[in-house]
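S.K.:
In the working numbering, the protein residues as written are 5 to 348.
1. Would you say residue 27 and residue 34 are within 7 Å of each other, going by their C-beta atoms?
2. I'd like the ranges of any alpha helix (DSSP H) spanning at least 4 consecutive residues and lying wholly in the region 286-348.
3. Is there contact between the region 75-95 and the region 299-312, where contact requires at least three CB pairs shorter than 8 Å?
4. Assuming residue 204 and residue 160 make a contact with CB atoms under 8 Å, what is their CB distance in whole Å?
5. In angstroms, rounded to a whole number, what distance separates the CA positions of residue 146 and residue 208?
6. Classify residue 281 as buried or exposed, calling it buried when 16 or more other Cβ atoms lie within 10 Å of its own Cβ.
7. Could you name the residues that DSSP lists as bridge partners for residue 230?
8. Would residue 55 be called buried (16 or more neighbouring beta carbons within 10 Å of its own) or exposed?
9. Residue 266 and residue 239: beta carbons closer than 7 Å?
10. By the three-class DSSP mapping on this structure, what secondary structure does residue 186 have?
11. Identify whether residue 44 lies in helix, strand or coil by the three-state DSSP scheme.
12. Tell me, please, which residues DSSP counts as bridged to residue 284.
13. For residue 247, collect the residues of the same chain with a Cβ closer than 8 Å to its Cβ; drop the 5 residues on either side in sequence, then sort them by chain order.
14. Under 8 Å by Cβ, that's how I've got residue 257 and residue 196 pegged, so tell me the actual separation to the nearest angstrom.
15. Report the option in 150, 167 and 278 whose CA atom is closest to the CA atom of residue 158.
16. So, helix, strand or coil for residue 171, using DSSP?
17. Can you grab the Cα-Cα spacing for the pair residue 283 / residue 174, in whole Å?
18. I need the straight-line Cα distance from residue 104 to residue 73, nearest angstrom please.
19. Strictly by DSSP, which residues pair up with residue 131?
20. Going by the CB atoms, is the gap between residue 243 and residue 227 shorter than 7 Å?
21. Within 10 Å of its beta-carbon, does residue 43 have 16 or more other beta-carbons around it, so buried, or fewer, so exposed?
22. Leaving aside the five residues before and after residue 213 along the sequence, list all residues of the same chain whose C-beta is less than 7 Å from its C-beta, in chain order.
23. How close, in whole Å, do the beta carbons of residue 137 and residue 202 come, if the pair is a contact with beta carbons under 8 Å?
24. Sort 75, 340 and 172 by Cα distance to residue 129 and report the nearest one.
25. By alpha-carbon positions, which one of 171, 172 and 133 ends up nearest to residue 154?
26. Quick check: what's the CA-CA separation for residue 344 versus residue 193?
27. Starting from residue 106, follow the beta strand (DSSP E) in both directions and report where the run begins and ends.
28. Where does the unbroken alpha helix (DSSP H) through residue 90 begin, and where does it stop?
29. If you measure between the beta carbons of residue 320 and residue 327, is that distance less than 7 Å?
30. Closest by CA to residue 24, which one among 14, 13, 47 and 184?
31. Residue 285 and residue 342 look like a contact to me (Cβ under 8 Å); what is the Cβ gap, rounded to whole Å?
Here is the structure:
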């Protein structure tokens, strides 16, 4: 057993190191969630006492009290996508009698630094909803080992962690909107504006795009793959660069509506008409989509519903009930003018 005491506020990591056990074992002792050998319990309890560790969330649990607060960790706060998701999460939390504590990952410059997520987990909340890539794998594992109920939005859990995941049927939605471009309008040179490389939504939307091309005998042209990163400005620059190459182009599938708006800006700057010269379609059906000129044909993703489902799943975990490991919410095509169709 180590005799060195940490110079800063002790964490569950310090307790585990001091007692010579895993974080999961410390969590089991604190939360009494599984049998632990008596001698091990004594070592952990001694470490807690010697380090003056204060597992506040665990103490409330053992006392039968809860904070009635749920934590939400986002990569950013604001934007067309996050607003309806916040609405869904807030309304779901209210219905279940929970307050909501929101934290942006932008305020934590080091994703591997544990202070911010541990503050949410140990001190303030009964559970945590984590949006894709708001936490490093290391931090997810720490919170999971600590025993904090977790639900992921738009991200699969790291291997070996049984954390529920709520997302959309991204591949199906992307396949259907690209098939619409091919089957209804006869487009053949269809570019794709993908999202961030590590983002699962972007990956599956790209897979749907490729599946549609393959199903119609169209050969994928790598020159038509652009990285939009879910950013209108990055998308605008990417499309402007493509137009400068002279590569044939008759339609653009953007993996999100904001990238679609950037594509539209680039096309107008080049003197091209939408959809007469180049069609543009998106994904998500955010408030932005219907206000673009022309209104954007897109895939409706039930963003607000995803927030409500995430809250429901987390409350079930907090109450010790079973949850779905993966929830795939269906998408649907929304036809407007940007693809060449009339509004419906």
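Ideal placement from N, C-alpha and C gives every residue a C-beta, glycine not left out.
Owing to the predicted nature of the structure, the values given are computational and were not obtained by experimental measurement.
M.R.: Taking the definition as stated:
1. no
2. 291-295 and 307-322
3. yes
4. 6 Å
5. 28 Å
6. exposed
7. 197
8. buried
9. yes
10. helix
11. helix
12. 256
13. 253, 270, 271, 274 and 276
14. 5 Å
15. 167
16. strand
17. 21 Å
18. 6 Å
19. 74
20. no
21. exposed
22. 178, 182, 196 and 257
23. 6 Å
24. 75
25. 133
26. 15 Å
27. 103-108
28. 86-99
29. yes
30. 47
31. 6 Å
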